[in-house]
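The numbering used here numbers the first residue of the sequence shown as 493 and each following residue consecutively.
Okay, so here's the structure we're looking at.
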Amino acid sequence: MPDPAAAILEWRHGLADLERIVAHGRDRLLADTTASVRRASTRRRLEHLRNGLGAQLEQIQSVFRGAGLESRARPPAEAGAPAVGDTTLSYFHQIHRDWGWPDAEIEAAAIAIAEVCGKDPLGKTLFLGAGAARLVRELHLRQGASATIALDINPLPFLVARKILDGETVRLTEIPNSPRSIDDVAVERTLGEGLEAVANVTLVFGDAFSPPVARGAFDTVVTAWFVDQVAPDAAELAPLVHALLRENGTWINHGPFVYPAARPVRARYTADELSEIARDSGFDLDSTDIRRLTFMESPACNQGRTERILTFAARKVALAAREETPSAEPAWLSDTSAPIPRLEAFRARPLPHPFFTAVVALVDGARSIDAIAAEISRQQRIPEDALRVAIRACLADLAREGSA
């Protein structure tokens with residue numbers, strides 16, 4: 493990451509935020525139980541939830557301590573009520589899905605990918621945005637990866653995955669949003685039970701959009717459940733994947749098209765648009781599959797959904813004109829610590845979103861993308877890593893339109 497120490501400090505702050513949220517939530521549950529609840533079954537449910545919240549927090553603290561990370565309260569100037577959906581618990585249910593629930597969802601994904609990949613081994617493989625990393629494990633073992641590097645910026649899923657990939661188990665409590673029964677209000681599981689250690693899988697905390705790896709070094713790049721939720725614009729992601737692959741290397745994509753509300757409408761691509769983007773970026777689509785798969789259906793929860801999933805294997809082909817022409821990307825886009833010049837393109841047209849306005853207002857000829865991310869993070873308490881990706885995409889969009 494551009495600033496590892498800052499990232500680690502933010503993880504410690506996030507853990508402290510979680511501790512405050514849990515303490516407040518448990519106090520409210522205790523007050524509710526003692527003040528007004530007379531039905532025995534309801535009291536049992538609230539007590540079970542309160543105990544589960546406490547157990548879950550202790551387990552998460554243990555995972556962080558195992559990595560040498562203790563919580564640290566934010567400075568008074570940054571303190572306040574932590575936002576619901578604290579980043580420490582981002583993708584928490586995916587950890588349970590990957591390592592604790594029945595294997596049906598992961599198995600279905602692995603089968604869909606195997607069908608488009610054929611029998612050729614994956615070789616040296618890179619996962620962008622690997623999440624809780626169960627699919628990393630399965631493809632590494634099943635599809636003949638010689639070595640796998642998986643990137644993500646979220647701490648808890650990788651800290652759990654690293655233990656399980658090393659042959660350990662992790663006790664972790666799931667608290668479903670819509671439990672099926674009183675006993676399902678808080679379910680403690682042993683994650684990774686029965687799974688053997690796996691060699692040659694490296695988990696790296698790193699930015700998938702500025703990956704700390706050599707270009708042209710990989711036989712396979714995998715983007716699973718990534719293009720819609722994580723990538724700001726698939727049209728910018730595809731050339732990056734192309735650059736990471738060796739000649740005739742393979743891009744494997746697997747995921748739905750469920751975009752966040754903040755994504756610009758122009759970048760909410762459909763399956764056929766994504767296929768076209770891949771071709772325009774120097775790929776031949778060898779095999780494509782679309783099927784409806786179950787997604788995030790916990791055995792303890794009433795909720796769950798199905799998603800229409802696009803899976804493809806696309807082979808990198810030469811783009812002679814592109815390879816002969818030096819990249820037109822400004823240096824300050826590839827080096828996020830470099831100053832951003834005062835470009836007229838940033839102010840030459842109405843801006844499509846308040847976030848664009850906030851970013852452009854901070855472009856003063858001296859600030860870099862890193863500096864703007866730090867400033868907005870200070871103001872809004874949004875993680876800098878997430879901001880850096882969004883700011884880069886915003887400025888790249890404005891610069892591209894300004895040069896058109």
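Ideal Cβ positions, reconstructed from N, Cα and C, are used throughout, including at glycine.
As the structure is a prediction and not an experimental result, all values here were calculated from the model.
Query                                                                                            : Result
Alpha carbon of Gln635 to alpha carbon of Glu680, nearest angstrom                               : 32 Å
Secondary structure of Asn745, DSSP reduced to three states                                      : strand
As assigned by DSSP and simplified to three states, the class of Ser563                          : coil
Collapsed DSSP secondary structure at Val679 in the structure displayed                          : strand
Beta-carbon separation (whole angstroms), Arg518 vs Arg542, contact threshold 8 Å                : 5 Å
Through-space distance from Phe584 to Ala753, alpha-carbon basis                                 : 21 Å
Per-residue burial, Ala885 [other beta carbons within 10 Å of its own, 16 or more giving buried] : buried
Close beta carbons around Glu815, own chain, < 7 Å, minus the five adjacent residues each side   : Confidence is the limiting factor: at Glu815 the pLDDT is only 47, short of 50, which leaves the residue's position unreliable and the question unanswerable from this model.
Glu630 CB to nearest heavy atom of the ligand ATP below 8 Å                                      : For the structure depicted, the ligand ATP is absent and the ligand set is empty, with no information on it obtainable.
According to DSSP, residues forming a beta bridge with Pro671                                    : Cys793
Val662 versus Ile500: straight-line alpha-carbon distance, rounded                               : 22 Å
Those residues which DSSP pairs with Asp644 across a bridge                                      : Phe697
Rounded straight-line distance, which links the Cα of Arg512 to that of Arg531                   : 29 Å
Separation of Ala637 from Glu502, as counted between CA atoms                                    : 33 Å
Nearest to Leu643 (by Cα), restricted to the options Leu729, Trp593, Ala527 and Asp699           : Asp699
First through last residue of the beta strand (DSSP E) which encompasses Asp778                  : Phe775 to Phe787
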